[in-house]
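Read top to bottom, the protein sequences are chains A and B. Here the first sequence is numbered in my numbering, starting from 1 and rising by one per residue. Here the second sequence is numbered in my numbering, starting from 422 and rising by one per residue.
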Amino acid sequence: MTLRPSAFLFGSNQVEALAIYLAALRTGHAVFLYDAAANLPFAEQLIELYRPDWIAGPTVYLDQIKGAMDEVCHLTEYSLSGRTIVREHPVYHDLAVLLTTSGTTGSPKLVRLSYDNLQTNASSISQYLNLNDSERAITTLPFFYSYGLSVVNSHLNVRASLILNNHSVVTRDFWELFKQQEATSFAGVPYTYQMLKRMKFAQMDLPSMRYMTQAGGRLDPSLVADFANAAAGKGWRFYVMYGQTEATARISYIPSELIQSKMGSIGKAIPDGELDLDPETQELIYKGPNVMLGYAKSEEDLFQGDLLNGVLRTGDIASKDVDAFFYVKGRLKRFAKIFGLRVNLDELEQHLEQEIGSELSCIEEGERLVLYYTTAESAEAIRERMSSVFHIHHSGYRLELIDELPRTASGKKGLSPFAGA
Amino acid sequence: MNEQKLRHIFAEVLEIPESQISDELTYNSIPQWDSISHMALIAAIDDGFDTMIDTDDVIDMSSFGKAKEILAKYGVEF
Numbered sequence: 001m002t003l004r005p006s007a008f009l010f011g012s013n014q015v016e017a018l019a020i021y022l023a024a025l026r027t028g029h030a031v032f033l034y035d036a037a038a039n040l041p042f043a044e045q046l047i048e049l050y051r052p053d054w055i056a057g058p059t060v061y062l063d064q065i066k067g068a069m070d071e072v073c074h075l076t077e078y079s080l081s082g083r084t085i086v087r088e089h090p091v092y093h094d095l096a097v098l099l100t101t102s103g104t105t106g107s108p109k110l111v112r113l114s115y116d117n118l119q120t121n122a123s124s125i126s127q128y129l130n131l132n133d134s135e136r137a138i139t140t141l142p143f144f145y146s147y148g149l150s151v152v153n154s155h156l157n158v159r160a161s162l163i164l165n166n167h168s169v170v171t172r173d174f175w176e177l178f179k180q181q182e183a184t185s186f187a188g189v190p191y192t193y194q195m196l197k198r199m200k201f202a203q204m205d206l207p208s209m210r211y212m213t214q215a216g217g218r219l220d221p222s223l224v225a226d227f228a229n230a231a232a233g234k235g236w237r238f239y240v241m242y243g244q245t246e247a248t249a250r251i252s253y254i255p256s257e258l259i260q261s262k263m264g265s266i267g268k269a270i271p272d273g274e275l276d277l278d279p280e281t282q283e284l285i286y287k288g289p290n291v292m293l294g295y296a297k298s299e300e301d302l303f304q305g306d307l308l309n310g311v312l313r314t315g316d317i318a319s320k321d322v323d324a325f326f327y328v329k330g331r332l333k334r335f336a337k338i339f340g341l342r343v344n345l346d347e348l349e350q351h352l353e354q355e356i357g358s359e360l361s362c363i364e365e366g367e368r369l370v371l372y373y374t375t376a377e378s379a380e381a382i383r384e385r386m387s388s389v390f391h392i393h394h395s396g397y398r399l400e401l402i403d404e405l406p407r408t409a410s411g412k413k414g415l416s417p418f419a420g421a
Numbered sequence: 422m423n424e425q426k427l428r429h430i431f432a433e434v435l436e437i438p439e440s441q442i443s444d445e446l447t448y449n450s451i452p453q454w455d456s457i458s459h460m461a462l463i464a465a466i467d468d469g470f471d472t473m474i475d476t477d478d479v480i481d482m483s484s485f486g487k488a489k490e491i492l493a494k495y496g497v498e499f
């Protein structure tokens with residue numbers, strides 16, 4: 001007996017994918033969203049691990065997925081294939097969406113989001129961005145990740161329009177679609193803004209444009225200033241925001257009129273949320289109805305209810321000013337953001353060390369990684385793994401050969417001599 | 422001469438063998454040429470040929486052949 005179905009949906013920003021996502025929510029299924037074009041073998045791993053009752057995706061990919069199922073139905077370029085899974089317990093009644101946390105690096109740990117999480121975060125976002133049904137957002141990020149999904153949900157929440165797009169901002173197709181469809185907004189990660197800077201975005205003629213948002217990592221303050229100035233000159237609104245997949249998407253934002261005076265801040269808590277600091281560690285703690293139910297590491301976790309009770313430890317160290325605006329100072333754990341991808345540095349080091357059979361240390365330097373390695377002949381293998389496993393372009397890191405990695409007194413790898421700050 | 426130089430830049434940035442580069446090699450036709458490497462490519466071309474490529478040309482540089490056409494406008498001879 002299938003007590004409550006779960007589904008695995010992958011693809012890109014296409015109307016079929018969006019329709020399947022919305023239909024799954026409407027019928028009360030729990031749906032895994034996965035940008036499978038990035039890594040099909042990993043999608044297969046997830047399917048094997050979590051045993052969804054049905055799988056949907058572009059037909060060309062679905063055909064390649066192992067264990068594809070008996071019943072198939074076609075929806076233009078997408079197909080759905082179903083089977084009956086027998087489970088010991090029902091999938092948790094409020095589980096709506098499951099998202100990966102680490103981009104394409106291949107950790108099968110998923111974030112469990114409830115129907116209430118999606119609804120409350122969409123409502124908060126549409127409130128602080130002041131959205132109404134005349135908005136026309138062009139998609140710049142796959143909706144299979146939390147930021148892209150939040151754009152979709154917050155706009156549908158107010159019956160606004162979406163211009164479904166898969167082109168990068170460096171293509172003519174993107175800007176033609178933008179102008180032709182009179183887009184009113186777009187979302188960008190730091191790398192999007194770096195590209196737009198090089199493309200002299202401030203000089204573009206975009207009469208339909210109203211606002212733009214930035215999230216997905218820290219944007220260099222000089223770029224924040226550039227885009228804040230450009231927006232002010234054009235009468236657009238520019239929002240710098242902060243969040244985590246673990247909080248559905250958004251945690252805080254800077255109101256656009258305060259962007260000049262709160263430079264470098266992650267802003268204040270979103271409507272219906274609260275931010276505070278752990279008095280001992282200064283860790284940023286978020287409380288709100290959009291905090292996930294918890295993680296999933298196996299099928300059994302789909303039966304679990306809410307384990308966090310609306311409280312999320314962000315893992316970021318922060319400070320707070322007199323207006324209750326927060327400033328992130330660093331991280332408790334070692335993650336880096338490279339081209340918008342969240343990279344777990346411990347995981348990366350472990351993987352590469354195993355691969356090359358010698359020691360390696362990785363640190364973040366500006367927006368790039370520096371990999372310190374000790375065996376000259378490993379360089380090629382490192383480059384190969386960085387590309388094939390971690391999908392990090394070689395302009396996102398540099399290799400540095402050293403004689404020996406520094407050690408702390410306890411024998412652990414000590415990174416401080418390199419860290420600089 | 423300049424063609425070889427440009428081919429070398431493409432091979433280096435996209436991490437593909439020079440033999441794979443022809444005029445018909447287009448943006449997004451191989452996984453190595455995505456928007457991230459496109460911007461790296463523009464930066465490497467600007468460095469290599471001492472140019473400052475315009476936005477319209479950044480957008481239009483959709484193939485190796487097109488890159489040569491665009492660079493010709495900046496006075497690079499092929």
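Here a beta-carbon is modelled for each residue, glycine too, at the ideal position from N, C-alpha and C.
- In this structure, the beta-carbon distance from ALA30(A) to VAL91(A) falls below 7 Å.
- Residue-level contact check: THR447(B) does not touch chain A, since none of the beta carbons of chain A fall below 7 Å from its beta carbon.
- Contact annotation for THR171(A) against chain B: TYR448, ASN449, SER456, HIS459, ILE480 and SER483 [CB-CB distance below 9 Å, chain order].
- Looking at ILE163(A), LYS197(A) and LEU196(A), the one whose alpha-carbon comes closest to that of THR184(A) is ILE163(A).
- Listed along chain A, the residues sitting closer than 7 Å to GLU436(B) by beta-carbon distance are SER387 and HIS394.
- Interface flag for THR476(B) against chain A is set, since a Cβ pair is found closer than 7 Å.
- Against chain B, the CB of MET195(A) has a partner CB under 7 Å away; the residue lies at that interface.
- Around the C-beta of ILE480(B), 16 or more other C-beta atoms lie within 10 Å, and the residue is accordingly described as buried.
- Under DSSP, LYS320(A) shares a beta bridge with PHE326(A).
- As for any alpha helix (DSSP H) of minimum length 4 sitting wholly inside the stretch 43–87 of chain A, the runs are 59–62, ordered along the chain.
- Contact annotation: the stretch 168–179 of chain A touches the stretch 469–483 of chain B, with at least three C-beta pairs closer than 8 Å.
- A distance of 7 Å or more separates the beta carbons of GLY57(A) and GLY28(A).
- Between the C-alpha atoms of GLY396(A) and PHE339(A) there is a straight-line separation of about 7 Å.
- Spatial neighbours of HIS394(A) in its own chain (CB-CB distance under 8 Å, excluding positions within 5 residues in sequence) are listed in chain order as ARG383, MET386 and SER387.
- Taking 7 Å as the cut-off between beta carbons, the residues of the stretch 146–170 of chain A near chain B are SER168 and VAL170, in sequence order.
- Judged by pairs of C-beta atoms under 8 Å, the stretch 254–261 of chain A touches the stretch 239–246 of chain A, as three or more such pairs exist.
- Taking the C-beta atoms as reference points, ASP316(A) is found nearer than 7 Å to LEU284(A).
- Closest by C-alpha distance to GLU404(A), out of TYR372(A), THR314(A) and GLY288(A), is TYR372(A).
- Note on VAL311(A): under 16 other CB atoms within 10 angstroms of its CB, so exposed under the neighbour-count rule.
- Interface flag for MET263(A) against chain B is unset, since no Cβ pair is found closer than 7 Å.
- At a cut-off of 7 Å between beta carbons, MET199(A) contacts chain B.
- In this structure, THR84(A) is the residue among ASP63(A), LEU33(A), ASP35(A) and THR84(A) with its C-alpha nearest to the C-alpha of ASP53(A).
- In the DSSP assignment, SER252(A) falls within the unbroken beta strand (DSSP E) covering 250–253.
- With a beta-carbon spacing of about 3 Å, ASP444(B) and GLY486(B) fall inside the 8 Å limit used to define contacts.
- The stretch 152–161 of chain A makes contact with the stretch 132–142 of chain A; the number of CB pairs closer than 8 Å reaches 3 or more.
- Contacts between PHE339(A) and chain B, judged by CB atoms closer than 7 Å, involve ILE457 in chain order.
- For the pair of segments examined, the stretch 275–295 of chain A was found not to touch the stretch 204–223 of chain A: the number of CB pairs separated by less than 8 Å stays below three.
- In chain order, VAL31, LEU33, LEU113 and LEU118 place their CB closer than 7 Å to the CB of VAL97(A), counting only its own chain and leaving out the 5 sequence neighbours on each side.
- Residue range 15–26 is occupied by the alpha helix (DSSP H) that includes LEU18(A).
- Proximity of chain B to TRP175(A) at the Cβ level (cut-off 8 Å) is accounted for by ILE480, in chain order.
- Annotation: ILE65(A) to GLU44(A) spans about 6 Å, alpha carbon to alpha carbon.
- Proximity of the stretch 216–223 of chain A to the stretch 115–132 of chain A falls short of the contact definition, fewer than three beta-carbon pairs being nearer than 8 Å.
- For ASN449(B), same chain residues with a beta-carbon under 8 Å away, outside a window of 5 residues either side, are ASP455 in chain order.
- Taking a 10 Å sphere around the C-beta of ALA24(A), we find 16 or more other C-beta atoms and assign the residue as buried.
- Unbroken alpha helix (DSSP H) runs of no fewer than 4 residues, entirely contained in the stretch 195–249 of chain A, are found at 221–234, following chain order.
- Between ILE451(B) and ILE463(B), the gap from beta carbon to beta carbon reaches 7 Å or more.
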